[in-house]
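As structure tokens, the structure follows; a few thoughts come after it.
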Amino acid sequence: MAHENNGFKIDPWSSSNIDDDDIEKLVKEFGIERMDENIRQKVLQNRFIRRKIIFGHRSLNDVFKAIESKNPWAVMSGIKPSGSFHLGTLTTALEIVEFQRMGAKAYYCIADIESWEDNGISYEEAEQDAVDNLADILALGLDTTPKRTYIWRQSREPIVKDVCFKVGRLVTQNMLNAIYGEKPFGLYLAALIQVGDIVLPQVMDGPQPTIVPVGIDQDPHLRLTRDLTERYYKSFFKPGATYHRLLPGLDGSDKMSKRNPNSYFTFNEPLESIEKKLKGAFTGGRRNKKEQQELGGEPQKCMIYKILMYHFEPDDKKLAEEFEGCIKGELLCGEHKKTCIERVLNFIKEHQEKKEKLIEKARNMLDVQ
Ligand code: SF4
């Protein structure tokens, strides 16, 4: 069972898709701040903020103050090594790269303790996925010079285990129940290990604002971490976060899910398979050409539009034109899908080539044979 409050549920281990009404409730009930126009103007170079994919934040103003006074700040994130990269993991990975480009030092964790607790994947079994996932983020442009990045595996990082034991003293069963609902004890432990991950930048390099880009489903971890940081590490900044909307399933289902292979594709999938899934993607188009031209389409519902908006249409002006063209019935789904498929396949092809060359580097960085 997940945390419930007035009937509203949020569970970081099931990543259910969260709609606009839910977001509204989260903002009200848990104090997430809206990404208002004032803030957006300060970070227009960040595509996810500019396009309102990131809709909310906590403590982002601490980061702006650090930037203004030329003080260090951090972006922290990670991946659970339990499968290949897909469009959802791409969002977080690119957010890290963007924040690093804005001046943050990137801290990236391989959450192998979580893949054991959540999926029963042993540390050894997780190693190949960890290497693969790291090669993906390297191919996406993470700057790995040591003063710009620190990468760790939870199972091998003494700092995160140490933090877990230290803050564990302040945690009660009631608190965990209130935040996560009743879960296996291992997941609670994994949550405390994540507290360690999130405060690691400050333990390692001194107090500094830290931003964790996450899907809204991960907010319970942030609430726990902020509470414990405030109580245990009094001189630290309360870790902040940015929250992005999660992409629904390609086929129109609520979420991208391994149980439904048509709802997502991975970056390791054969191109023909990706193409087939995109051809079958859910659109906001009408039943036929005539209706589309008369009534216009509904891009806000359309997975083709969403994929382009999140990742594959770099030009804001063109994106706006496509939106308008769809609504006016001037753009037809067939041609639009074709453009989208071409872009995705080109990206995946180039990405796979780049990544191939980085596997060895990832292996070395994680000390995996
Ligand atoms: S024209 Fe494009 S944006 Fe509009 S519904 Fe069709 S595929 Fe989606």
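Under the numbering used here, the first residue of the sequence shown is numbered 45, with each subsequent residue one higher.
We treat Cβ as the ideally placed atom computed from N, Cα and C, and that holds for glycine.
Rounded C-alpha distance that separates R407 from N332:
Within the sequence shown, residue 407 is the residue found at index 363, counting from 1. Within the sequence shown, residue 332 is the residue found at index 288, counting from 1. Taking the straight line from one Cα to the other gives about 51 Å.
Start and end of the beta strand (DSSP E) containing V119?
Within the sequence shown, the letter at position 75 stands for residue 119. Run containing V119: 118-123, per the beta strand (DSSP E) assignment.
Closest residue to F20 among M219, E161, P305, N177 (Cα-Cα distance):
Beyond the ends of the chain as shown, which are 45 and 413, falls residue 20; an answer cannot be given.
Three or more beta-carbon pairs under 8 Å between the region 355-364 and the region 304-315, yes or no?
Counting Cβ pairs under 8 Å, fewer than three are found: no touch.
Does the region 219-239 come within contact of the region 174-192, defined as at least 3 CB pairs closer than 8 Å?
Look at the beta carbons and you see the region 219-239 not touching the region 174-192: under three pairs across the two are nearer than 8 Å.
Starting from the Cα of K282, find the closest Cα among R200, A118, N306 and give me that residue.
For the purposes of this step, residue 282 is identified with residue 238 of the sequence shown, where counting begins at 1. Selected option, being the one with the closest Cα: A118.
Assuming K320 and G340 form a contact by the criterion Cβ under 8 Å, report the distance between their Cβ atoms to the nearest whole angstrom.
Mapped onto the sequence shown, residue 320 falls at position 276. Mapped onto the sequence shown, residue 340 falls at position 296. At roughly 28 Å, the Cβ-Cβ gap does not stay under 8 Å, so K320 and G340 are not in contact.
Please tell me whether, using a cut-off of 6 Å, the distance from the CB of L294 to the nearest non-hydrogen atom of the ligand SF4 is below it.
Translated into positions along the sequence shown, residue 294 becomes position 250. Closer than 6 Å to some heavy atom of the ligand SF4: that does not describe the Cβ of L294.
Of the choices Y276, D80, V204, F209, whose alpha-carbon is the least far from that of I98?
In the sequence shown, counting from the first residue as 1, residue 98 sits at position 54. Ranking Y276, D80, V204, F209 by CA distance to the CA of I98 puts D80 first.
Endpoints, beta strand (DSSP E) assigned at T286
Reading the sequence shown from its first residue, position 242 is the one you call residue 286. Where T286 is concerned, the enclosing beta strand (DSSP E) starts and stops at 284-288.
Sorted by chain position, which residues of the same chain lie with C-beta nearer than 7 Å to M219's C-beta, five sequence neighbours on each side aside?
Walking along the sequence shown from the start, residue 219 turns up at place 175. The beta carbon of M219 is closer than 7 Å to none in its chain, skipping five residues each way along the sequence.
Uninterrupted beta strand (DSSP E) stretches inside the region 93-143 (no shorter than 3 residues)
As far as the region 93-143 is concerned, its whole beta strand (DSSP E) runs of at least 3 residues are 98-102, 118-123.
R145 (DSSP reduced to helix, strand or coil)
Taking the sequence shown and counting its residues from 1, one reaches residue 145 at position 101. Reduced to three states, the DSSP call for R145 is helix.
Do L184 and the ligand SF4 come close, with the Cβ less than 6 Å from some heavy atom?
Position 140 of the sequence shown, counted from the start, is the residue given in the question as residue 184. Not one heavy atom of the ligand SF4 sits closer than 6 Å to the Cβ of L184.
Looking at the unbroken beta strand (DSSP E) that takes in Y256, where does it start and where does it end?
Position 212 of the sequence shown holds residue 256. As written in the sequence, residue 256 is Val, which differs from the Tyr given in the question. 254-259 is the extent of the beta strand (DSSP E) around V256.
Going by DSSP, name the residue or residues bridged to W196.
On the sequence shown, residue 196 is found 152 positions in, with the first residue counted as 1. W196 pairs with C153.
Could you please give the first and the last residue of the uninterrupted alpha helix (DSSP H) stretch that includes G340?
On the sequence shown, residue 340 is found 296 positions in, with the first residue counted as 1. Careful: G340 lies outside any alpha helix (DSSP H) and carries neither H nor E.
Kindly indicate the opening and closing residues of the alpha helix (DSSP H) around A174.
Counting from one through the sequence shown, the residue named residue 174 turns up at place 130. Its alpha helix (DSSP H) spans residues 167-183.
From the DSSP output, in three-state form, read off R78 for me.
Sequence index remark: in the sequence shown, residue 78 carries index 34 (1-based). It is a strand residue.
In chain order, what residues of the same chain lie with their CB nearer than 6 Å to the CB of S279, ignoring the 5 residues before and after it?
Within the sequence shown, the letter at position 235 stands for residue 279. The residues are P251.
If you compare alpha carbons, which of S128, K114, L88 is closest to P314?
Translated into the one-based positions of the sequence shown, residue 314 becomes position 270. It is S128.
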